[in-house]
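Participant: Sharing a structure below in structure tokens format, with a few things to ask.
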Amino acid sequence: MDLGVENQLKELILDDDFSRLQGLTNKEVNLMEILKVSHKELQHSNFLAWLLSPQETHNLGDFAFKEFIKIYFKENEFQNLGDEKGLSVFDFVQLDFDDLVIKREYKNIDLIFLSKKNEFCMVVENKIYSSEGNGQLTKYRNFAEKEYSDYKYRIYIYLSLEEQKLSQLGNQYYVQITYEHVIKLLNQLLTSEQINLAEQTRFVLEQYLKTLKSMLNQNEEIEIITKKLYQKYKSAFDLVFKYCAETESSVINNILHEFINDEPSFIPFRSEKNYVRFQLKYLQDNLSRFIEKKLFPQGETLESNTIFLFEFNTKNNYVNLDLKIGYGDQEVRHRLLEIYKNNSNFFEKVNKKFSPNFHLSFQKQMLSSEDYETFIETGNEEAVRKVIAKNFKELKIKLKEYQDIMENELAK
1 MDLGVENQLK ELILDDDFSR LQGLTNKEVN LMEILKVSHK ELQHSNFLAW LLSPQETHNL
61 GDFAFKEFIK IYFKENEFQN LGDEKGLSVF DFVQLDFDDL VIKREYKNID LIFLSKKNEF
121 CMVVENKIYS SEGNGQLTKY RNFAEKEYSD YKYRIYIYLS LEEQKLSQLG NQYYVQITYE
181 HVIKLLNQLL TSEQINLAEQ TRFVLEQYLK TLKSMLNQNE EIEIITKKLY QKYKSAFDLV
241 FKYCAETESS VINNILHEFI NDEPSFIPFR SEKNYVRFQL KYLQDNLSRF IEKKLFPQGE
301 TLESNTIFLF EFNTKNNYVN LDLKIGYGDQ EVRHRLLEIY KNNSNFFEKV NKKFSPNFHL
361 SFQKQMLSSE DYETFIETGN EEAVRKVIAK NFKELKIKLK EYQDIMENEL AK
């Protein structure tokens with residue numbers, strides 16, 4: 001660990017303001033709760049992925065993952081994990097999971113644990129305050145049954161803060177585990193003589209244990225002191241939750257990718273960290289006509305060219321769909337500019353000074369700053385998904401108008 005960060009951790013623990021916070025709450029301060037990450041399902045999922053992965057920086061190998069499964073056996077009278085054909089104690093003790101890979105938010109599934117050599121697949125649906133979504137568990141199981149049909153073990157876990165009433169299919173196929181199971185795992189790791197926890201790893205585990213044991217009541221004084229401490233010890237605070245902090249933008253990116261992949265009139269296209277892009281199938285199907293009308297460069301393909309650029313910009317605290325005249329043949333760019341200007345009722349952004357590289361022509365809001373901030377505060381992925389779905393539906397209507405405009409040009 002960086003010496004500067006280590007010193008910050010030591011200074012933080014001994015800081016008078018930190019002690020004052022302890023006095024205010026009558027308990028040791030839970031940094032994750034104060035920093036408003038404790039209630040977010042994604043952060044919990046990412047922390048568990050870090051903790052249970054054999055390849056992570058805690059240097060525990062597969063010990064934590066094996067303990068996670070051992071606790072299940074001990075708490076459930078040593079019955080198989082999964083259905084009758086699931087993982088038995090006798091099978092389990094012969095396995096090691098040094099090749100374990102953990103996928104996060106893959107196909108919207110919170111966590112998938114995969115060990116190829118053991119033919120082992122474990123799907124985990126993680127719920128903190130929300131409950132089972134309509135058809136959600138069936139959808140995830142159907143995917144795993146198809147994707148990993150050649151795996152011997154296919155196990156489905158429903159992890160929740162407290163025990164919940166599941167649907168009939170949920171009860172039939174999913175093993176329900178509460179976060180009490182995770183608390184037992186953390187206690188086991190913190191007290192085990194079989195492992196030697198690094199100081200920084202112990203600190204992170206202790207903080208997460210406090211997160212699960214209690215939720216702090218926020219008040220203004222705590223907020224003020226916390227912000228002061230955060231500014232002073234930013235690197236130390238980051239260590240506490242860096243393993244469980246997936247950026248909100250990456251979640252939104254995943255949702256956008258899902259909508260693009262599910263829309264037959266869209267084609268995924270060269271996305272980056274802060275830009276989710278697609279092309280219209282209409283352009284691909286009519287590319288020869290665009291070339292004939294000199295509205296697309298001769299000898300180029302849609303996959304290699306950005307003159308028609310449709311992108312969701314996710315780097316800010318809001319999300320827009322931007323249609324731009326991208327970089328490329330300047331004669332083609334100017335022809336498109338004239339068409340867009342002649343239809344400025346649709347291309348409301350086009351009349352600004354023409355950019356030589358990427359010129360914004362049309363824009364549609366997908367997520368307002370208010371919606372984005374609400375998502376940051378609540379971590380409610382389903383709510384933000386509904387907002388994007390509504391705007392995505394409206395976007396498809398607008399892009400049909402775009403196609404009609406371009407079709408009129410091609411017909412001239």
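Numbering (UniProt numbering), first residue to last: 1 to 412.
C-beta: ideal position from N, C-alpha, C; glycine also.
To the nearest angstrom, report how far apart Q330 and F358 are at their CA atoms.
Facilitator: Looking at the two C-alpha atoms, the distance is approximately 11 Å.
Participant: Excluding sequence positions up to five away, which residues of its chain have a Cβ less than 8 Å from the Cβ of K364?
Facilitator: Closer than 8 Å at Cβ, skipping near neighbours: N320, L321, N391, E394, L395 and K398.
Participant: For S131, tell me which candidate among S160, Y208 and R154 has the shortest Cα-Cα distance.
Facilitator: Selected option, being the one with the closest Cα: S160.
Participant: Closer than 8 Å is the cut-off here; do at least three beta carbon pairs connect the stretch 95–108 with the stretch 48–59?
Facilitator: Touching, yes, given that three or more Cβ pairs across the two stretches are closer than 8 Å.
Participant: Looking only at its own chain, which residues have a Cβ that is under 7 Å from the Cβ of Q298, when we skip the five neighbours before and after it?
Facilitator: Only I291 meet the Cβ criterion.
Participant: Report buried or exposed for R333, applying the criterion of at least 16 other Cβ atoms within 10 angstroms of its Cβ.
Facilitator: R333 comes out buried.
Participant: Would F120 and Y153 qualify as a contact pair, given that the criterion is a beta-carbon distance under 8 Å?
Facilitator: Taking 8 Å as the Cβ cut-off, F120 and Y153 qualify as a contacting pair.
Participant: Where do the N-terminal and C-terminal ends of the alpha helix (DSSP H) with N342 fall, by residue?
Facilitator: Segment Q330 to N342, the alpha helix (DSSP H) holding N342.
Participant: What is the DSSP secondary structure of V101, counted as helix, strand or coil?
Facilitator: Three-state result, V101: strand.
Participant: Is the stretch 171–178 touching the stretch 194–204 in the sense that three or more CB pairs, one from each, lie closer than 8 Å?
Facilitator: Not touching, per the Cβ criterion.
Participant: Once the 5 residues before and after L336 are set aside, which same chain residues still bring their CB inside 6 Å of it?
Facilitator: Around L336: I325.
Participant: What residues match up with Y156 in a beta bridge as DSSP calls it?
Facilitator: Note: Y156 sits in a beta bridge opposite V123.
Participant: Would the beta-carbon of A350 fall within 8 Å of that of E311?
Facilitator: This sequence places Val at residue 350; Ala is not what is there. No; because the gap between Cβ atoms is not below 8 Å, this pair is not in contact.
Participant: Helix, strand or coil: which one does DSSP assign to F65?
Facilitator: Of the three classes helix, strand and coil, the one that applies to F65 here is helix, per DSSP.
Participant: Identify the continuous alpha helix (DSSP H) that holds R289 and give its terminal residues.
Facilitator: Residues L287 to E292.
Participant: With C-beta atoms as the reference, is L367 less than 8 Å away from I339?
Facilitator: No, the pair does not count as a contact, with Cβ atoms beyond the cut-off.
Participant: Assign T138 to one of three DSSP states: helix, strand, or coil.
Facilitator: Residue state, collapsed to three classes: helix.
Participant: Using 8 Å for Cβ pairs, my map puts I155 next to G86. What's the rounded Cβ distance?
Facilitator: Between G86 and I155 the Cβ distance is about 6 Å, and since that is below 8 Å, they are a contact.
Participant: Taking the C-alpha atoms as reference points, what is the distance between V29 and L42?
Facilitator: Residue placement at V29 cannot be trusted, given a pLDDT of 45 that sits under 50; what the coordinates show is reported in the next sentence. The straight-line gap from Cα to Cα measures roughly 22 Å.
Participant: List, from N- to C-terminal side, the beta strand (DSSP E) runs of 3 residues or more that fit wholly inside the stretch 340–372.
Facilitator: Qualifying beta strand (DSSP E) stretches, in chain order: 359–367.
Participant: Can the beta-carbon of H181 be found closer than 8 Å to that of I128?
Facilitator: No.
Participant: Of all the options E147, F362 and D371, which has the alpha carbon lying nearest to the alpha carbon of Y318?
Facilitator: Selected option, being the one with the closest Cα: D371.
Participant: Using the Cα positions of S271 and D285, report the straight-line distance between them to the nearest angstrom.
Facilitator: Going by the C-alpha atoms only, they are around 21 Å apart.
Participant: Rounded to a whole number of angstroms, what is the C-alpha to C-alpha distance between N253 and T378?
Facilitator: Cα to Cα, N253 sits roughly 18 Å from T378.
Participant: What residues in its chain sit with their C-beta under 6 Å from that of Y243, if we drop five residues either side in the sequence?
Facilitator: Per-residue confidence for Y243 stands at a pLDDT of 43, beneath the threshold of 50, marking its modelled position as unreliable; no derived number is given.
Participant: So for N7, helix, strand or coil by DSSP?
Facilitator: Three-state result, N7: helix.
Participant: Does the structure place the stretch 162–172 close enough to the stretch 62–82 that three or more beta carbon pairs sit under 8 Å?
Facilitator: Taking 8 Å as the limit for Cβ pairs, the verdict is that the stretch 162–172 does not touch the stretch 62–82.
Participant: Taking a contact to mean a Cβ-Cβ separation below 8 Å, would you say F346 touches E401 in this structure?
Facilitator: Closer than 8 Å, so yes.
Participant: Exposed or buried, which one is residue 416 when buried takes at least 16 other CB atoms within 10 Å?
Facilitator: Since the displayed the chain opens at 1 and closes at 412, residue 416 lies outside it and no answer follows.
Participant: Quick one: give me the first and last residue of the beta strand (DSSP E) that residue 433 is part of.
Facilitator: One cannot answer for residue 433 here, as it falls past the ends of the chain, which runs 1 to 412.
Participant: In this structure, does DSSP put A94 in helix, strand or coil?
Facilitator: According to the sequence displayed, residue 94 carries Gln and not Ala. Looking at Q94 - three-state DSSP - the assignment turns out to be coil, as it is neither helix nor strand.
Participant: Taking DSSP as the reference, what is the three-state secondary structure of E75?
Facilitator: In this structure, E75 counts as helix in the three-state DSSP scheme.
Participant: Helix, strand or coil for V37 per DSSP?
Facilitator: Unreliable positioning characterises V37 in this predicted model, as indicated by a pLDDT of 46, which lies under 50. A coordinate reading is not provided.
Participant: Leaving out five residues on either side along the sequence, give the residues of the same chain with a beta carbon under 7 Å from the beta carbon of L212.
Facilitator: Only Y179, V182 and I183 meet the Cβ criterion.
Participant: In or out: Q94 buried (at least 16 other Cβ within 10 Å) or exposed?
Facilitator: By the 10 Å Cβ count, Q94 comes out exposed.
Participant: Could you check the C-alpha separation between S53 and N59 for me, to the nearest Å?
Facilitator: Cα to Cα, S53 sits roughly 9 Å from N59.
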